[in-house]
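Novice: There's a structure below that I have some questions on.
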Amino acid sequence: MTKLNNGHSLPLVGLGTYSLKGQICIDAVYGAIRLGYRLIDTAHMYGNEREVGIAVRRAVADGLASREEIAVATKLYPDQYAQPAGAIEESLAKLDLGWCDIMLLHHPGRDDVAAYRAMEDHAGRGLIRSLGLSCFYQAELDAFLPQVRVKPVLVQNEIHPYYQDRQNTLHIQSQGIAVQAWYPLGGRGRRRELFADPVLQDIASRHGKTAAQVMLRWNVQNGVAVIPGSSSPSHQAENLDIFGFELAASEMAAIGSMERREKHDWY
Ligand SMILES: NC(=O)c1ccc[n+]([C@@H]2O[C@H](COP(=O)([O-])OP(=O)(O)OC[C@H]3O[C@@H](n4cnc5c(N)ncnc54)[C@H](OP(=O)(O)O)[C@@H]3O)[C@@H](O)[C@H]2O)c1
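Under this note's numbering, the residues of the sequence shown are numbered 2 to 268, in order.
Next up, the structure:
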């Protein structure tokens, strides 16, 4: 678990739901909870908050876990920042889970401070438990923090072996803010070269693990939580099974040397 600066905690591995739609999303989220996932990451922009809510409610009704045990994260998109209260209410209504465990700003943008303050208000009313940011790098974070009352508990940024951005991660962590990796496997459509990288293949074969498991384990050993996306039950199970082995310091260093500063998305 990642201990947060407000006393709550979040699992180190969660399910990402970007691009999962309709029944595929419902089945993926429900199946993940059955496998043991206790953190689901969605966003207004993914267009699947309603489906995530349906799957979580169904899992709770079927006794797979209690609502308290499942953390759900969602995000406000910049085009919502000018009308934040309505946007927050919309996400809460679509999720229909009583409360949202963590809400993030998806990106820096115009009116982001006002949007965050609206999230602070909703947190004060018990409708959101924790607040966070996404796609905030050092300069944006340092400018943002003095303007808000409640310190974010977490920043979610792109992090995989070809875009490690270690200095930024260390800077965020040094402020008592947890870091969580999006695109921990390089992102949809950008995986082929990364998965076949000889450094990862070599380490994976030494441990009897897959390249995906090595990448996720590397992030976790750096104190970075991960939210790999998958609608495949076998991939979901594989991605959760990263706690029975440990990468040696030399293996961590070898993966560290894979840094290319190669972002796989524009933000
Ligand atoms: N805050 C932001 O701005 C932001 C941006 C992007 C994403 N995100 C979040 O981060 C999450 C993760 O990103 P992502 O889902 O786009 O990319 P990702 O987790 O890096 O990669 C997902 C891709 O890898 C495949 N995969 C998953 N596990 C695998 C395994 N064990 N072996 C082989 N292939 C595997 C998935 O296919 P299968 O379905 O076939 O398993 C899918 O194509 C998103 O779902 C979203 O929640 C946030």
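Even glycine gets a Cβ: it sits at the ideal position worked out from N, Cα and C.
For clarity, every value in this text was computed on a predicted model and none was experimentally measured.
Cα-Cα, which of ARG218, LYS264, HIS236, ALA74 is closest to ALA249?
Specialist: Position 248 of the sequence shown, counted from the start, is the residue given in the question as residue 249. When only C-alpha atoms are compared, the closest one is ARG218.
Novice: Would you mind reading off the limits of the beta strand (DSSP E) that contains ALA83?
Specialist: What you label residue 83 is simply residue 82 of the sequence shown in a count that begins at 1. It is not in any beta strand (DSSP E) - ALA83 carries neither H nor E in the DSSP assignment.
Novice: Give the secondary structure of HIS161 by DSSP, where H, G and I count as helix, E and B as strand, and everything else as coil.
Specialist: On the sequence shown, residue 161 is found 160 positions in, with the first residue counted as 1. The answer is strand: DSSP assigns HIS161 an E or B state.
Novice: Thinking just about the alpha-carbon of each residue, which of LYS152, LEU11, TYR19, VAL53 is nearest to the one in TYR184?
Specialist: Against the sequence shown, residue 184 aligns to sequence position 183. Comparing Cα-Cα distances from TYR184 to each of LYS152, LEU11, TYR19, VAL53, the minimum goes to TYR19.
Novice: I need the DSSP call for VAL227, collapsed to helix, strand or coil.
Specialist: Residue numbering aside, residue 227 sits at position 226 when the sequence shown is read from its first letter. Strand at VAL227.
Novice: Can we say the stretch 123-142 touches the stretch 184-201, given the rule of at least three CB pairs closer than 8 Å?
Specialist: The stretch 123-142, when compared against the stretch 184-201, does not touch it at the 8 Å Cβ threshold.
Novice: When the distance is taken between beta carbons, is LEU13 closer than 7 Å to VAL180?
Specialist: Mapped onto the sequence shown, residue 180 falls at position 179. Mapped onto the sequence shown, residue 13 falls at position 12. Not in contact: VAL180 and LEU13 (Cβ atoms no closer than 7 Å).
Novice: Tell me, please, which residues DSSP counts as bridged to VAL30.
Specialist: Mapped onto the sequence shown, residue 30 falls at position 29. Answer by DSSP bridge pairing: none, since VAL30 is not bridged.
Novice: At 3 residues or longer, what runs of the beta strand (DSSP E) sit wholly inside the stretch 152-196?
Specialist: Within the stretch 152-196, the complete beta strand (DSSP E) runs of at least 3 residues are 155-159, 179-183.
Novice: Give the DSSP-derived three-state secondary structure of LEU21 in the structure shown.
Specialist: If you number the sequence shown from 1, residue 21 lands on position 20. Note: LEU21 maps to coil in three-state DSSP.
Novice: Counting pairs of Cβ atoms below 8 Å between the stretch 100-111 and the stretch 129-138, do you hit three or more?
Specialist: Verdict: yes, contact present.
Novice: What's the call for ALA44, buried or exposed, on a 16-neighbour Cβ count within 10 Å?
Specialist: Walking along the sequence shown from the start, residue 44 turns up at place 43. With 16 or more other Cβ atoms within 10 Å, it is buried.
Novice: DSSP puts LYS4 in a beta bridge; with which residues?
Specialist: Against the sequence shown, residue 4 aligns to sequence position 3. Beta-bridge pairing links LYS4 to SER10.
Novice: Does any heavy atom of ligand 1 sit closer than 6 Å to the C-beta of ALA179?
Specialist: Counted from its first residue, the sequence shown places residue 179 at position 178. No, the beta carbon of ALA179 sits no closer than 6 Å to any heavy atom of ligand 1.
Novice: Residues bridged to SER131 by DSSP?
Specialist: As a working note, residue 131 is residue 130 in the sequence shown. Answer by DSSP bridge pairing, in chain order: ILE103.
Novice: With 16 other CB atoms within 10 Å as the buried threshold, where does GLN165 fall?
Specialist: Taking the sequence shown and counting its residues from 1, one reaches residue 165 at position 164. By the 10 Å Cβ count, GLN165 comes out buried.
Novice: Along the chain, where does the alpha helix (DSSP H) containing ILE55 start, and where does it finish?
Specialist: Here residue 55 refers to the residue found at position 54 when the sequence shown is read from its first residue. ILE55 -> alpha helix (DSSP H) spans 50-62.
Novice: Does LYS264 come out as helix, strand or coil in the three-state DSSP assignment?
Specialist: For the purposes of this step, residue 264 is taken as residue 263 along the sequence shown, with counting starting at 1. It is coil, neither helix nor strand.
Novice: Tell me whether the stretch 18-35 and the stretch 49-62 touch, counting them as touching only if at least three CB pairs, one residue from each stretch, are closer than 8 Å.
Specialist: A contact exists between the stretch 18-35 and the stretch 49-62.
Novice: Going by CA-CA distance only, name the one from MET253, GLY37, THR211 that's closest to ALA72.
Specialist: Within the sequence shown, numbered from 1, the residue matching residue 72 stands at position 71. Per the Cα distances, GLY37.
Novice: Expressed to the nearest angstrom, what Euclidean distance is found between the alpha-carbon atoms of GLY87 and THR211?
Specialist: Residue 87 sits at position 86 when you count from the first residue of the sequence shown. Residue 211 sits at position 210 when you count from the first residue of the sequence shown. The straight-line gap from Cα to Cα measures roughly 44 Å.
Novice: Answer yes or no: the CB of ASP42 versus the heavy atoms of ligand 1, is any distance below 6 Å?
Specialist: By 1-based counting over the sequence shown, the position of residue 42 is 41. ASP42: yes, Cβ under 6 Å from ligand 1.
Novice: So ILE41 is in the beta strand (DSSP E); what residue range does that whole segment cover?
Specialist: Taking the first residue of the sequence shown as 1, we reach residue 41 at position 40. Where ILE41 is concerned, the enclosing beta strand (DSSP E) stretches over 40-42.
Novice: When you compare only the Cα positions, how much space is there between GLU263 and ARG192?
Specialist: The residue you call residue 263 lines up with position 262 of the sequence shown. The residue you call residue 192 lines up with position 191 of the sequence shown. About 13 Å.
Novice: For a test of your reading of the model: does the CB of PRO79 fall under 6 Å from any non-hydrogen atom of ligand 1? Yes or no.
Specialist: For this step, residue 79 is matched to residue 78 along the sequence shown. Not so, every heavy atom of ligand 1 lies at least 6 Å from the Cβ.
Novice: Which residues bound the alpha helix (DSSP H) around MET216?
Specialist: Within the sequence shown, the letter at position 215 stands for residue 216. Per DSSP, MET216 belongs to the alpha helix (DSSP H) from 212-222.
Novice: In chain order, what residues of the same chain lie with their CB nearer than 8 Å to the CB of ASP198, ignoring the 5 residues before and after it?
Specialist: Here residue 198 corresponds to residue number 197 of the sequence shown, with the count starting at 1. Taken in chain order, the residues that qualify are PRO162, ALA212, MET259.
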